[in-house]
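Q:
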Amino acid sequence: MTETSTVFLIVVIVLALIFDFANGFNDAANAIATVVSTRVLSPILAVVMAASLNLVGALSGTAVAKVVGKGIISPEEITLTTIAAAVAAAAVWVFLASRLGMPVSGSHSLIAGLVGAAFSTAGLGALQPAGIRTVLLGLFFAPLIGFSIGYLVMLGLYWVLRRRSPSLISGAFGRLQILSAAAMAFSHGSNDAQKTMGVVALALFVGGAIDTFHIPLWVKLLSALVMALGTYAGGWRVVRTLGVRIVKMQPIHGFAAESAAAFVIEAATRLGFPLSTTHVISSTIMGQGGTRRLSAVRWGVVRGVVMGWIVTFPFCILLGAAFEKLGELFL
4 MTETSTVFLI VVIVLALIFD FANGFNDAAN AIATVVSTRV LSPILAVVMA
54 ASLNLVGALS GTAVAKVVGK GIISPEEITL TTIAAAVAAA AVWVFLASRL
104 GMPVSGSHSL IAGLVGAAFS TAGLGALQPA GIRTVLLGLF FAPLIGFSIG
154 YLVMLGLYWV LRRRSPSLIS GAFGRLQILS AAAMAFSHGS NDAQKTMGVV
204 ALALFVGGAI DTFHIPLWVK LLSALVMALG TYAGGWRVVR TLGVRIVKMQ
254 PIHGFAAESA AAFVIEAATR LGFPLSTTHV ISSTIMGQGG TRRLSAVRWG
304 VVRGVVMGWI VTFPFCILLG AAFEKLGELF L
């Protein structure tokens, strides 16, 4: 590698880590919105717990990282400029969404950025249809599965606890919700931080720093740490959207939403599916809210959240392609 290519590789890795930080910043809400809104934990304690368990979860595997790194686009068809454009597009969108209080998917932002930048670099030959199809299936089914499981968990809790006093339920689930929030934070780290690992490993492979695609230990540690720092910085506007504005919750409702979401995300992680943790927790919150009455869910807020999901793919595809063209002109 020449000195210039080494410097550019470092720049690309830094851009990927900026996205990682932005992802943790926006997705802090995934792990702590419900536990903060139900006042089980203070915001500071919730963020520290979420950041710590995001770190631990991120080190728990690499299945998702490998899918993102070599299953969405063909490493042989792209350049470092392609990767730089993709992560820059994703980071811009996630930071913008955080400022607007919009819980978007960092996962889909990154994948859409990769698709747009790779298409701009080498056309359709740079894309891997099977991997993209897997992501799109997750985009469609994750909210439906999350809503259904959130609904069923809450319905089951209502039936099991139907003869218990409200004060006993509130006290017990105030403690149990700490466990469900911890599980949510762990599962978030295990799925989301792996996406940055995959992109950094992809940059190392494309840049010639490694001969075969794999996830070095230092990449795992660095990606996990940066996401934890982003989570610690927090995204309080997004916390308010997920934890307060969609539906009013008590500890039992927060427990149902978090435990359902953690189950879905962790199952997807072990199977290697790069899932949107934002979509899942938003859907389980809606699902548990729907057990009381559908009017308990503020559907106007939900429409705004869903619009963020829909806009993410085309916006990041176009932005990734635009950044790649700019990169070709100036690099």
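Using the numbering used here, you'd call the opening residue of the sequence shown number 4 and step up by one each time. For glycine and all other residues, C-beta sits at the position ideal for the given N, C-alpha and C.
With distances taken from CA atoms, which of T272, V222, D195 and S190 is nearest L205?
A: It is V222.
Q: Under the assumption that V107 contacts A115 (Cβ atoms under 8 Å), give the Cβ distance between them as a whole number of angstroms.
A: Wrong, their Cβ atoms sit about 11 Å apart, outside the cutoff.
Q: In the DSSP assignment, find the alpha helix (DSSP H) that holds Q253 and state where it starts and stops.
A: Taken as a continuous stretch (DSSP letters only), Q253 belongs to no alpha helix (DSSP H), as it is neither H nor E.
Q: To the nearest angstrom, how far is it from the Cα of A145 to the Cα of T7?
A: In a straight line, the C-alpha of A145 is about 42 Å away from that of T7.
Q: Could you tell me whether the region 253-273 touches the region 172-189, where touching means 3 or more Cβ pairs closer than 8 Å?
A: Yes, they touch.
Q: Thinking C-alpha only, which one of A91, V163, L232 and S193 is nearest V50?
A: Nearest of A91, V163, L232 and S193 to V50, Cα basis: L232.
Q: Apart from the five residues just before and just after E269, which ones in its own chain have a Cβ nearer than 6 Å to its Cβ?
A: These residues qualify, in order along the chain: S190.
Q: Compare the Cα-Cα distances from L58 to each of G27, M157 and V138 and report the closest residue.
A: Here the closest residue by C-alpha is G27.
Q: Report all residues from its chain with a CB closer than 6 Å to the CB of A19; omit the five preceding and five following residues, and keep chain order.
A: V90, T199, V202 and V203.
Q: Out of curiosity, what's the CA-to-CA distance linking F216 and A236?
A: Rounded to the nearest angstrom, the two C-alpha atoms are 32 Å apart.
Q: Cα-Cα, which of F122, V309 and A271 is closest to S77?
A: With distances taken between Cα atoms, S77 lies closest to F122.
Q: Could you tell me the boundaries of the alpha helix (DSSP H) in which L113 lies?
A: Here the alpha helix (DSSP H) through L113 covers G109 to A125.
Q: In the structure shown, what three-state DSSP assignment does I288 receive?
A: Correct three-state label for I288: helix.
Q: What is the DSSP secondary structure of I268, counted as helix, strand or coil?
A: Helix.
Q: Can you look up L99 in the DSSP assignment and give me helix, strand or coil?
A: Three-state result, L99: helix.
Q: Enumerate in chain order the residues of its own chain whose CB-to-CB distance from S193 is below 6 Å, with the five nearest sequence positions on each side excluded.
A: Result list for S193: G60, S63 and T272, in chain order.
Q: Is I181 helix, strand or coil when you go by DSSP?
A: Of the three classes helix, strand and coil, the one that applies to I181 here is helix, per DSSP.
Q: Evaluate D214 with the Cβ neighbour count: other Cβ atoms within 10 Å of its Cβ, from every protein chain shown; 16 or more gives buried, anything less gives exposed.
A: Classification of D214: exposed, given that the 10 Å Cβ count is below 16.
Q: Could you check what DSSP says for I76 in three-state terms: helix, strand or coil?
A: Residue state, collapsed to three classes: strand.
Q: Buried or exposed for V70, please, with buried defined as at least 16 other CB atoms from any protein chain shown within 10 angstroms of its CB.
A: Buried, since its Cβ has 16 or more Cβ neighbours within 10 Å.
Q: Could you give the uninterrupted runs of the alpha helix (DSSP H) lying entirely in the region 42-90, keeping only those of 4 residues or more?
A: Counting whole runs of 4 or more residues, the region 42-90 contains the alpha helix (DSSP H) stretches 46-61 and 66-73.
Q: Please check the pair V15 and A87, which I expect to be a contact at CB under 8 Å, by giving their CB distance rounded to whole angstroms.
A: At roughly 5 Å, the Cβ-Cβ gap stays under 8 Å, so V15 and A87 are in contact.
Q: Exposed or buried, which one is A324 when buried takes at least 16 other CB atoms within 10 Å?
A: A324 comes out buried.
Q: Apart from the five residues just before and just after Y154, which ones in its own chain have a Cβ nearer than 8 Å to its Cβ?
A: Here the set comprises G290, Q291, G293 and T294.
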